[in-house]
Amino acid sequence: EDPCYDAKQRPRYCIPDFLDLALGREVQASGTCGKVPQKLCSYQDPTNITSRKCLICDQSRAKTSYPPAYLTDADAQTCWKSEAGVKFPKNVTLTLPLGRRFELVYLSLRFCSPRPQSMAVYKSMDHGRSWVPIQYYSTQCRRVYGLPTSGTITKAMEHEASCTDYQTGLKPLTGGLVAFMPLAGRPSARRFEYSPVLQDWVTATDIRVVFSRLHTGQELGMRRKTTFYGVTELQVGGRCKCNGHASHCASMPEGLTCDCRHHTAGPECDRCKAFYHDRPWQRATPSNSHECVACECNLHSHRCRFSMELYALSGRRSGGICTGCRHNTAGRHCHYCKQGYKRDPGKPITSRRSCKPCQCHPVGAISAMCNQTTGQCQCKIGVTGLTCNRCALGFQQSRSAYMPCVRIR
Amino acid sequence: DVMPTLDMTLFDWTDYEDLKPES
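Chains A and B are the protein sequences, given in the same order.
Using this note's numbering, read the first sequence as starting at 557 and increasing by one per residue.
Using this note's numbering, read the second sequence as starting at 52 and increasing by one per residue.
Right under this line is the structure:
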């Protein structure tokens, strides 16, 4: 069963499977511990500040390394660790390129250190050329990020990052979670499929997490130079962006690609496929699949283009213009015969032989063109017949090809 | 009455060579 079509093969809104976008992907970390051996202290017990245990981080040995690969491996125990003693305003960043555009559903970080006092999450929609914040976390939003600690998200600000003090607490001292759901609390989330603003809001090609500030050494009960940011797991949940036109995202040599339905094409099903340009492309919604519609070319062309002007004139029903009409046809739908040809009334317009030559007489007719429907050529004075091949009554053939029939005296 | 079709051989093509069909 194809989720993009119902039992009667009518097109319907469909979305691809939910994916763990971070699993196995490479994360770029700006400051990983152990370039020179360092002592890093963390806690064994999530609630006991005296359960401190210190380890050496040294990248020269695998056993004492805590690389960014540990963020996205399948092992929930391994932990990436930042360099020790990072002090505000210096920060540490984790950057995760996703490889294509996705619609984010959630992002979560599981810590092996205490959660940061301040951190921010950014996204890029252009493969890392520009970044926009999507969430700030801080016990001191105003002081660190210049933002108020957020309350309710209004419709006017539902596409803006807010700052929260949730998930910034010192405890649990280890194993704490910071999770972000880009649609949570947004007024238009219930009608996400109809909200271009939120569709844009959840779209990302890359994710960046910026750790801005650690809890103070005093709060942590240890010396600052042994404190660090530590993350066991970075998870990013989302779906391929396929605009409601695909239920499957296929792994191709160039990366994940939507398996487009509804006669759409492109890596995100973001355009109509060739010859399906009778209506403008639109994202599908649950109430209307907005499938692309084939142009009506009466089997005489397999190419067409879309005209918004014609579409508007037709009352938003049809805007396709056939191009390259064959079999001596012409017109927007290849629905009449081109000049010099006439319709064969015995054949349907879809027939390859629906248009036949006028066969106007080279001397008796004024031109090679004839009436499309009747086939009547335009005759010179004194000439008659469908193809202008005879002299009319009262006329006789002359020797002049310019005036082939003259009146009988 | 049906008139006979134009006889192409009767025309003097001297000045209308461009109208003369290829034989």
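Quick reminder that beta carbons are idealized off the backbone N, C-alpha and C, glycines included.
On a predicted model such as this, the values are computed, not experimentally measured, just so you know.
At a Cβ-Cβ threshold of 8 Å, A676 (chain A) and V766 (chain A) count as neighbours. Rounded to the nearest whole angstrom, the CA to CA distance from S586 (chain A) to C825 (chain A) is 35 Å. According to the DSSP assignment, C697 (chain A) belongs to the alpha helix (DSSP H) that extends over 697-701. Classified as buried, I877 (chain A) has 16 or more neighbouring CB atoms from the shown chains inside 10 Å of its CB. According to the DSSP assignment, P689 (chain A) belongs to the beta strand (DSSP E) that extends over 688-694. Distance from the CA atom of Y693 (chain A) to the CA atom of F736 (chain A), rounded to whole angstroms, is 10 Å. Ranked by Cα distance from S843 (chain A), the options A:A563, A:P567, A:D558, A:P559 are led by A:P567. Minimum Cα-Cα distance from T930 (chain A) among the listed residues A:K936, A:G941, A:G920, A:I937 corresponds to A:G941.
Chain A has no Cβ within less than 8 Å of the Cβ of T60 (chain B). Around the Cβ of A840 (chain A), a 10 Å sphere holds 16 or more other Cβ atoms; the residue is buried. Under the Cβ distance rule, V919 (chain A) counts among the residues neighbouring chain B, one pair being separated by less than 8 Å.
A straight line joining the alpha-carbon of T813 (chain A) with that of D900 (chain A) spans about 47 Å. Apart from sequence neighbours up to five positions away, the residues of its chain that approach V849 (chain A) with a beta-carbon distance below 7 Å are Y832, D834, R835, ordered along the chain. At least one beta carbon of chain B lies nearer than 8 Å to the beta carbon of A957 (chain A). The segment 591-599 of chain A and the segment 609-617 of chain A touch, with no fewer than 3 CB-CB distances between them shorter than 8 Å. Excluding sequence positions up to five before and after K71 (chain B), its CB lies within less than 7 Å of the CB of W64, all in the same chain and listed in chain order. Pairing T761 (chain A) with E659 (chain A), the inter-Cα distance amounts to about 9 Å. The residue among A:C860, A:L654, A:G920 with its C-alpha nearest the C-alpha of E810 (chain A) is A:L654. Under the rule that a run must span 3 or more residues, the beta strand (DSSP E) segments found entirely inside the segment 786-836 of chain A read 786-796, 805-808, 811-814. Distances from the CA of Q584 (chain A) to each of A:P624, A:H891, A:E852 were compared; the closest alpha carbon is that of A:P624. For C947 (chain A), the nearest beta carbon of chain B is closer than 8 Å to its own beta carbon.
Counting only Cβ-Cβ distances below 8 Å, P960 (chain A) has contacts in chain B at L57, F62, in chain order. Contact between A632 (chain A) and E789 (chain A) holds: their C-beta atoms lie close to 6 Å from each other, under 8 Å. Residue-level contact by beta carbon holds for Q953 (chain A) and chain B, with a gap shorter than 8 Å. Under DSSP, R764 (chain A) shares a beta bridge with A:T651, A:Y678. Shortest Cα-Cα distance from T56 (chain B) to any of A:A957, A:K894, A:S954, A:R946 involves A:R946.
Between the alpha carbons of L949 (chain A) and Q932 (chain A) lies a gap of roughly 18 Å. The C-beta of F644 (chain A) has fewer than 16 other C-beta atoms within 10 Å across all chains shown, which makes the residue exposed. For K591 (chain A), the closest alpha carbon among the candidates A:Y561, A:Q615, A:H883 is that of A:Q615. For T943 (chain A), the closest alpha carbon among the candidates A:I937, A:M959, A:F951, A:G920 is that of A:G920. Around the beta-carbon of V753 (chain A), fewer than 16 other beta-carbon atoms lie within 10 Å, marking it exposed. Between T634 (chain A) and A578 (chain A), the beta carbon gap of about 14 Å keeps them out of contact (Cβ cut-off 8 Å).
When the Cα atoms are used, G641 (chain A) and Q691 (chain A) turn out to be separated by approximately 24 Å.
Taking a cut-off of 8 Å on C-beta distances, the segment 870-888 of chain A touches the segment 853-860 of chain A, as three or more cross pairs fall below it.
When A:N884, A:L770, A:K829 are compared, the shortest CA-CA separation from R859 (chain A) is found for A:K829. Counting of Cβ neighbours within 10 angstroms places F667 (chain A) among the buried residues, the total reaching 16 or more.
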